[in-house]
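Residue numbers (our numbering), protein chains in the order written: chain A, 1 to 624; chain B, 1 to 338. Glycine included, C-beta positions come from ideal geometry on N, C-alpha and C.
Dropping the structure here:
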């Protein structure tokens with residue numbers, strides 16, 4: 001392919017950073033030494049080569065970003081040349097993801113979470129204080145960030161430091177002091193050994209299955225993993241073969257834990273039966289739903305279980321390659337997963353001839369770069385392929401046309417972590433846990449106004465009230481005002497719904513959804529209007545902009561919510577609420593993907609339950 | 001070249017003119033649209049079926065010479081058994097589909113999509129979209145007065161994931177000054193509704209030049225060259241195929257843009273004459289749009305089977321010699337013809 005690259009050449013440092021991921025250039029055309037054989041070859045095979053390399057685009061951008069803090073034009077041009085990607089397209093990709101910047105940025109950035117759980121714990125004040133200290137600094141930039149997945153230790157901040165040795169880490173219960181400490185020392189207290197006890201209040205309790213190994217101190221040790229039943233599921237899978245694995249998973253009644261609750265066994269069966277020699281397994285670890293942090297805890301605490309689940313899925317459907325797409329805001333999870341993959345490869349649990357059998361499976365990590373919409377499965381495929389993370393129209397579904405156009409199994413981290421357990425205990429026995437259609441144990445992300453926020457694991461069937469009690473109830477005497485189920489894409493329920501069982505069918509019966517297992521509790525002192533304003537802003541930021549109903553719908557929804565918030569409706573409040581309902585309906589009916597379908601749910605449910613008066617500031621009781 | 005096997009060797013010439021490949025025979029699929037049974041070949045879309053029975057389905061981002069991107073969502077229809085409405089332009093027919101094209105939900109979605117566009121995009125040169133808006137009785141004033149336009153290039157610097165919280169007093173739009181950076185065409189992105197057609201025409205659907213792409217995210221999404229460079233510093237080859245597919249006049253010929261600005265553009269006074277381009281041997285059809293005996297723009301019919309409406313810079317813009325009136329030059333056309 002003939003592309004035109006104009007503008008600056010890369011500096012030597014930029015060249016080194018790109019070459020570190022792409023390897024040395026093969027020819028003068030790509031910026032290396034002149035090699036007459038290859039020059040001729042490239043001109044003939046250009047198009048095919050370009051398409052084969054396209055998926056390296058995001059890793060190359062990440063490498064440059066981690067080196068310089070932004071993407072300088074020289075490095076950008078060099079990447080385009082190396083990968084034969086037209087610069088306009090590459091620019092479109094880079095500007096889609098909010099962690100990438102095409103304009104100069106300081107090498108160190110502190111991202112302060114501005115989403116719901118952190119908001120009610122004062123993240124806005126933290127942001128302002130940090131801006132006061134570091135505003136205008138050429139070395140340190142302070143930015144807002146959507147949910148960082150640390151809601152149990154709100155408010156949260158994430159430090160990403162570019163350089164020859166890039167570092168990064170999250171800070172829970174962030175204060176000006178501990179952010180400053182991390183900036184000064186490049187040490188992240190959260191990554192110490194006992195960090196997980198803050199996230200898993202049930203740590204060490206015998207009934208835990210998914211969280212059983214979390215916090216044992218050696219998440220990437222194969223020996224410690226095997227001592228607690230690790231790889232038993234994979235060993236069994238290697239012995240019984242694809243058909244029986246799928247039978248076990250179907251018998252278990254496992255439903256996807258990412259939010260859509262699709263039967264996992266059916267998905268695997270469809271991919272196994274799909275035609276074609278190449279298939280993929282993709283683990284969706286782009287956990288960005290505000291209020292969700294269970295996948296992070298699993299990847300940081302028990303990465304080998306996620307990896308084992310992926311390997312079993314690979315054997316079941318006949319895939320030899322798996323990708324795990326981890327959001328860019330989770331540097332520790334990326335680190336832990338990479339260590340686990342390396343250890344598993346060394347131990348013969350990944351690679352060719354797994355444990356001496358004919359089965360082959362390997363896993364590659366891909367990092368997201370800041371885009372909530374990439375949690376949508378087809379947007380995630382596009383992102384891995386080096387495109388803008390825009391969802392595809394369905395059908396065709398991923399089981400037929402997924403990653404690189406091949407049949408693909410895509411499952412959430414928690415779903416895959418259930419798989420080794422199902423294989424070990426047997427699908428039928430697994431189906432004995434839980435209720436009607438909701439089988440097994442579920443991770444709930446409890447945050448907000450509770451005494452001990454964190455990830456809780458219980459069998460399906462627990463009620464909302466029991467779960468909140470498990471989390472210590474509200475910390476003050478203030479009664480509960482509202483609970484957000486399922487995150488920003490979920491819906492609010494009032495305190496009259498505390499006895500709803502947290503199952504797929506139970507939440508559906510009251511018009512809510514379990515989603516990814518978010519339970520965010522708000523007491524009477526909460527200014528719900530402020531939270532609704534933030535939810536509206538969140539979707540305005542995160543809509544990919546591809547389809548009109550969502551692109552303009554989230555914008556108009558935000559404007560309208562702010563009019564209600566400021567008490568300046570156009571016409572009567574009733575007219576505004578009815579217009580908001582119309583906007584909600586077109587987004588639900590006509591958007592391409594789930595982001596648009598759910599972007600109005602939380603706001604609509606809040607207005608339905610609490611009325612429009614909840615929007616205005618003076619109606620929130622001040623926290624004394 | 002040390003090894004000649006790298007180089008392309010053409011296959012041997014056939015001894016006779018090859019036969020045209022047989023047309024595939026697609027079995028018919030029967031579906032029901034608004035209660036009417038329609039039989040249509042497999043592989044057709046719902047939109048094809050709607051056209052077959054004469055239903056006027058609004059479309060904006062759809063064009064039969066381009067791959068459907070189904071982003072405008074104005075062609076949605078209600079499919080029985082589907083939770084959400086489906087885009088008729090890209091959804092293939094399946095046996096037994098039951099479709100409603102004029103249900104309450106469909107009318108509501110079409111109305112809202114058109115209303116959203118009217119409230120955020122300058123549709124003054126898109127009469128067909130405005131006609132559909134009238135049909136669905138839109139009222140864009142419900143969102144408030146339009147916010148003041150952005151400064152030149154301001155929208156191109158918006159960073160994904162960050163925006164200012166609005167007061168809601170005015171409705172955000174994409175209004176901004178037009179980009180005039182070359183003498184052939186103008187990009188007036190205040191009129192852009194992000195249908196992706198120009199990107200497709202510049203890319204693999206026609207030209208394979210890849211000079212423009214969608215950049216940014218959400219409402220800040222825009223069509224852009226790399227770094228928002230002027231077209232003259234991009235890969236653009238000025239074929240004008242993006243202008244040909246633009247449904248709103250966001251992309252227009254400089255000649256048309258200038259005449260509209262001067263108020264002298266008058267479509268009713270124009271004639272259209274088809275001719276064959278004489279620059280090379282391909283034989284593209286040119287449609288010359290003539291006003292007051294002057295060519296004001298050149299297009300090519302989309303149903304023309306040789307190039308499906310695509311032209312190159314010569315066919316599209318190489319007409320000025322026909323009317324090169326230069327009063328200081330005694331040899332100019334005007335003088336010679338006298």
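In chain B, what lies closer than 7 Å to residue 520 of chain A by C-beta?
Within the first chain, numbered from 1, the residue matching residue 520 of chain A stands at position 520. By Cβ distance, chain B contributes nothing, its closest Cβ being about 21 Å from residue 520 of chain A, past 7 Å.
With DSSP as the reference, please indicate the residues paired to residue 433 of chain A in a beta bridge.
Taking the first chain and counting its residues from 1, one reaches residue 433 of chain A at position 433. Residue 433 of chain A pairs with nothing; no bridge assigned.
So which residues of chain B does residue 96 of chain A contact, with C-beta pairs closer than 9 Å?
For this step, residue 96 of chain A is matched to residue 96 along the first chain. Neighbours of residue 96 of chain A on chain B, chain order: 160, 214, 215, 216, 217 and 221.
Taking the alpha-carbon of residue 92 of chain B as reference, which of B/62, B/269, B/57 and B/41 has the nearest alpha-carbon?
Stepping through the second chain from its first residue, residue 92 of chain B is reached at position 92. Residue B/41 holds the alpha-carbon nearest to the alpha-carbon of residue 92 of chain B among B/62, B/269, B/57 and B/41.
Contacting positions in the segment 136-167 of chain B - beta carbon closer than 8 Å to chain A
142, 143, 144, 157, 159, 160, 161, 162, 163, 165, 166 and 167
Return the chain-ordered list of same chain residues with a C-beta closer than 8 Å to the C-beta of residue 63 of chain A, the five sequence neighbours on each side being excluded.
In the first chain, the residue the question calls residue 63 of chain A occupies position 63. Same-chain partners within the cutoff: 17, 18, 20 and 21.
The alpha helix (DSSP H) enclosing residue 291 of chain B, as first and last residue numbers
In the second chain, counting from the first residue as 1, residue 291 of chain B sits at position 291. That residue, residue 291 of chain B, is in no alpha helix (DSSP H); its beta strand (DSSP E) goes 285-291.
Any C-beta of chain A under 8 Å from that of residue 73 of chain B:
To locate residue 73 of chain B, count along the second chain from 1; it is residue 73. Chain A contact via Cβ: present.
Best match in A/365, A/265, A/159 and A/513 for proximity to residue 487 of chain A [C-alpha to C-alpha]:
If you number the first chain from 1, residue 487 of chain A lands on position 487. Residue 487 of chain A has its Cα closest to that of A/513, out of A/365, A/265, A/159 and A/513.
Residues of chain A with CB under 7 Å from residue 225 of chain B, in chain order?
In the second chain, the residue the question calls residue 225 of chain B occupies position 225. Per Cβ cutoff of 7 Å: 88.
Extent of the continuous beta strand (DSSP E) to which residue 283 of chain A belongs:
Counting from one through the first chain, the residue named residue 283 of chain A turns up at place 283. From DSSP, the beta strand (DSSP E) with residue 283 of chain A extends over 280-285.
Suppose contacts are defined by Cβ-Cβ distances below 8 Å. Is residue 606 of chain A in contact with residue 522 of chain A by that definition?
Sequence index remark: in the first chain, residue 606 of chain A carries index 606 (1-based). Sequence index remark: in the first chain, residue 522 of chain A carries index 522 (1-based). No, they are not a contact pair.
With a 10 Å radius around its C-beta and 16 neighbouring C-beta atoms as the bar for buried, classify residue 122 of chain B as buried or exposed.
Stepping through the second chain from its first residue, residue 122 of chain B is reached at position 122. Buried.
Should the segment 203-221 of chain B be called in touch with the segment 81-97 of chain A, which here means at least 3 C-beta pairs below 8 Å?
yes
Any residues in the segment 270-301 of chain A with a beta carbon nearer than 9 Å to a beta carbon of chain B? Which ones, in chain order?
Here the close residues number zero.
Can you tell me where the alpha helix (DSSP H) holding residue 299 of chain B begins and where it ends?
Counted from its first residue, the second chain places residue 299 of chain B at position 299. In this chain, residue 299 of chain B is not harboured by any alpha helix (DSSP H); it is covered by the beta strand (DSSP E) spanning 294-299.
For a test of the three-state rule: what should DSSP assign to residue 113 of chain A, helix, strand or coil?
On the first chain, position 113 is the one that residue 113 of chain A refers to. Reduced to three states, the DSSP call for residue 113 of chain A is strand.
Alpha-carbon spacing of residue 86 of chain B relative to residue 343 of chain A, whole angstroms:
The count along the second chain starts at 1 and reaches residue 86 of chain B at position 86. The count along the first chain starts at 1 and reaches residue 343 of chain A at position 343. Taking the straight line from one Cα to the other gives about 46 Å.
Where residue 428 of chain A falls, given that 16 or more other Cβ within 10 Å makes a residue buried:
The residue labelled residue 428 of chain A in the question sits at position 428 within the first chain. Looking at its Cβ environment, which holds fewer than 16 other Cβ atoms inside 10 Å, residue 428 of chain A is exposed.
Taking only beta-carbon positions, decide if residue 71 of chain A is within less than 8 Å of chain B.
Translated into the one-based positions of the first chain, residue 71 of chain A becomes position 71. Closer than 8 Å to the CB of residue 71 of chain A there is not a single CB belonging to chain B.
In terms of residue numbering, what span does the alpha helix (DSSP H) encompassing residue 258 of chain B cover?
Within the second chain, numbered from 1, the residue matching residue 258 of chain B stands at position 258. First-last of the alpha helix (DSSP H) with residue 258 of chain B: 254-262.
Using 8 Å as the cut-off, can you tell me whether the segment 114-134 of chain B makes contact with the segment 164-178 of chain B, which would need three or more C-beta pairs spanning the two stretches below that distance?
Flag = yes, the segment 114-134 of chain B and the segment 164-178 of chain B touch.
Starting from residue 128 of chain A, trace the alpha helix (DSSP H) in both directions and tell me its first and last residue.
Here residue 128 of chain A is taken as the residue at index 128 of the first chain, counted from 1. From DSSP, the alpha helix (DSSP H) with residue 128 of chain A extends over 123-134.
Cβ of residue 515 of chain A less than 8 Å from any chain B Cβ?
Translated into positions along the first chain, residue 515 of chain A becomes position 515. Residue 515 of chain A does not count as touching chain B.
In terms of residue numbering, what span does the alpha helix (DSSP H) encompassing residue 578 of chain A cover?
The residue given as residue 578 of chain A occupies position 578 in the first chain. Taken as a continuous stretch (DSSP letters only), the alpha helix (DSSP H) holding residue 578 of chain A covers 573-590.
6 Å CB neighbourhood of residue 32 of chain B in its chain, flanking five on each side removed
For the purposes of this step, residue 32 of chain B is taken as the residue at position 32 of the second chain. Excluding positions up to five away in sequence, the list reads 98.
Alpha-carbon to alpha-carbon, residue 39 of chain B and residue 28 of chain B:
Start at 1 with the first residue of the second chain, and residue 28 of chain B comes out as number 28. Start at 1 with the first residue of the second chain, and residue 39 of chain B comes out as number 39. Taking the straight line from one Cα to the other gives about 6 Å.
Would you mind telling me which residues of chain A sit closer than 8 Å to residue 120 of chain B, beta carbon to beta carbon, in chain order?
Along the second chain, read from residue 1 onward, the residue named residue 120 of chain B stands at position 120. What residue 120 of chain B touches in chain A: 552 and 555.
Check the C-beta distance from residue 423 of chain A over to residue 248 of chain A and give it rounded, since I have them as a contact under 8 Å.
Reading the first chain from its first residue, position 423 is the one you call residue 423 of chain A. Reading the first chain from its first residue, position 248 is the one you call residue 248 of chain A. Indeed they touch by this definition, with Cβ atoms about 6 Å apart.
Within chain B, partners of residue 657 of chain A - CB distance below 8 Å:
Residue 657 of chain A is absent from the model: chain A starts at 1 and stops at 624.
Take the Cβ of residue 358 of chain A as the centre, count every other Cβ of all protein chains shown within 10 Å, and call the residue buried at 16 or more, exposed below.
By one-based count along the first chain, residue 358 of chain A stands at place 358. Burial call: exposed.
Cα-Cα separation, residue 186 of chain B to residue 249 of chain B
Working through the second chain from its first residue, we reach residue 186 of chain B at position 186. Working through the second chain from its first residue, we reach residue 249 of chain B at position 249. Distance between the alpha carbons of residue 186 of chain B and residue 249 of chain B is about 10 Å.
Short of 6 Å in beta carbon distance, which residues of its chain neighbour residue 142 of chain A, apart from the five on each side in sequence? Order them along the chain.
Stepping through the first chain from its first residue, residue 142 of chain A is reached at position 142. Excluding positions up to five away in sequence, the list reads 110, 130, 131 and 134.
Check the Cβ of residue 76 of chain B against every Cβ in chain A and list those closer than 8 Å, keeping chain order.
What you label residue 76 of chain B is simply residue 76 of the second chain in a count that begins at 1. What residue 76 of chain B touches in chain A: 589 and 590.
Along chain A, in chain order, which residues have C-beta atoms closer than 9 Å to that of residue 79 of chain B?
Residue 79 of chain B sits at position 79 when you count from the first residue of the second chain. Below the 9 Å Cβ cutoff, chain A contributes no neighbours of residue 79 of chain B, its closest Cβ being approximately 11 Å away.
If you measure between the beta carbons of residue 62 of chain B and residue 47 of chain B, is that distance less than 8 Å?
Reading the second chain from its first residue, position 62 is the one you call residue 62 of chain B. Reading the second chain from its first residue, position 47 is the one you call residue 47 of chain B. Contact: yes.
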